[in-house]
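Input: a single structure, listed below in structure tokens.
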Amino acid sequence: MKKGLLGFIAILFFLFPFSIAAQEQLVFTGIENSSYATISKRVMREAYRRLNINVKFSDLPAARSLAVANSGRVDGELYRIKNIHLKYKNLIMLPVPIGIMEGVAITTNPQISLQDWESLAPYRVCIRNGVKFAEAGTKKIQVDVSNTNEHLFYNLGLNRCDIIVLARLTSIKLAQDFEKEMKKPVYYHVLQTYPLFHYLHKKNKKLVLELTEVLKDMERDGTIANIRASYIEEISSAKYGS
């Protein structure tokens, strides 16, 4: 009886590290109220599932999200545009895009014509604090800064801005609500398209190679594209504007 019990304990002892690995959980910060975060969560849940790792996401304001990820209090940043790690030195960019983002200018004035960031210069432009693509694109012009996307549309409605800049998918529901309330359409102009990447904190660098291979597989087998297409279908009734 004792030998049998000791043998059972020995088996548990050797299995214990593997059971811990199977239950490992990583936590990633991401931008709150973002459609791109929704898509990225679906992609990365699947990627980590293939590695038998559970993941959890903490939604935060854009600037704070990066600061917390870089600090190491969590395991990384859910998604950002390319090369954020050049400024946030503790983050490692996974080289496989997990999505794409369109940076758009939105206006209620049909006479405004925009082609690129430089064409914003004559106008009053509002951006959201902490959204890095908007900060980078407007660095040569004066802008007003809001803390939420809702406040961007609020300022647009009050004519405090000629143009607001944000990501297309993030804007869809807000633009629909705005048009309904204000009884006038909004007009979209694509300024730039960005691939989006997942970032690990350097303490998790051991995962980089394996996770990169998983993401390459998901890119090849169409999983990433299908997740994006499925989400867009969910919001397919949304009107993108012109």
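Each residue of the sequence shown is one higher than the one before, starting from 69 at the first, in this note's numbering. Yeah, the Cβ is synthetic: ideal placement off N, Cα and C, and Gly gets one too. Nothing here was measured: the structure is a model prediction, and the numbers come from that model.
Within the present structure, is the beta-carbon of Tyr299 separated from the nearest heavy atom of the ligand NAP by less than 6 Å? Here there are no bound small molecules, and the ligand NAP is not part of this structure.
Would the beta-carbon of Ile174 fall within 7 Å of that of Tyr256? As a first step, residue 174 is located in the sequence shown; it is residue number 106 there, counting from the start. As a first step, residue 256 is located in the sequence shown; it is residue number 188 there, counting from the start. Taking 7 Å as the Cβ cut-off, Ile174 and Tyr256 qualify as a contacting pair.
Give the straight-line distance between the Cα atoms of Val136 and Ser108, rounded to the nearest whole angstrom. As a working note, residue 136 is residue 68 in the sequence shown. As a working note, residue 108 is residue 40 in the sequence shown. Their backbone Cα atoms lie some 18 Å apart in a straight line.
Distance, Cα to Cα, Val95 vs Arg118? As a first step, residue 95 must be located in the sequence shown, where it is residue number 27. As a first step, residue 118 must be located in the sequence shown, where it is residue number 50. Cα to Cα, Val95 sits roughly 17 Å from Arg118.
For Ser139, the first and last residue of its enclosing alpha helix (DSSP H): Walking along the sequence shown from the start, residue 139 turns up at place 71. Unbroken alpha helix (DSSP H) run through Ser139: Ala130 to Ser139.
Which runs of the alpha helix (DSSP H) spanning at least 4 residues fall entirely within the stretch 139-221, listed in chain order? 200-205
So, Thr97 versus Ser139, is the Cβ gap smaller than 7 Å? For the purposes of this step, residue 97 is identified with residue 29 of the sequence shown, where counting begins at 1. For the purposes of this step, residue 139 is identified with residue 71 of the sequence shown, where counting begins at 1. No.
Checking 7 Å against the spacing of the C-beta atoms, do Gly171 and Gln260 come in under that value? Against the sequence shown, residue 171 aligns to sequence position 103. Against the sequence shown, residue 260 aligns to sequence position 192. Yes, the Cβ-Cβ distance between Gly171 and Gln260 is below 7 Å.
Can you round the beta-carbon distance between Ile232 and Arg110 to whole angstroms, since I take them to be within the 8 Å contact cut? For the purposes of this step, residue 232 is identified with residue 164 of the sequence shown, where counting begins at 1. For the purposes of this step, residue 110 is identified with residue 42 of the sequence shown, where counting begins at 1. So it is not a contact: roughly 27 Å between Cβ atoms.
Out of curiosity, what's the CA-to-CA distance linking Thr280 and Ser102? Start at 1 with the first residue of the sequence shown, and residue 280 comes out as number 212. Start at 1 with the first residue of the sequence shown, and residue 102 comes out as number 34. C-alpha separation (whole angstroms): 24 Å.
Could you check the C-alpha separation between Ile303 and Thr106 for me, to the nearest Å? To locate residue 303, count along the sequence shown from 1; it is residue 235. To locate residue 106, count along the sequence shown from 1; it is residue 38. Each residue's alpha carbon lies about 12 Å from the other.
What ranges does the alpha helix (DSSP H) occupy inside the stretch 233-259, keeping only unbroken runs of at least 4 residues that lie completely in it? 236-250
Secondary structure of Asn272, DSSP reduced to three states: Sequence index remark: in the sequence shown, residue 272 carries index 204 (1-based). Looking at Asn272 - three-state DSSP - the assignment turns out to be helix.
For Asn101, which of helix, strand or coil comes out of DSSP? Mapped onto the sequence shown, residue 101 falls at position 33. Looking at Asn101 - three-state DSSP - the assignment turns out to be coil, as it is neither helix nor strand.
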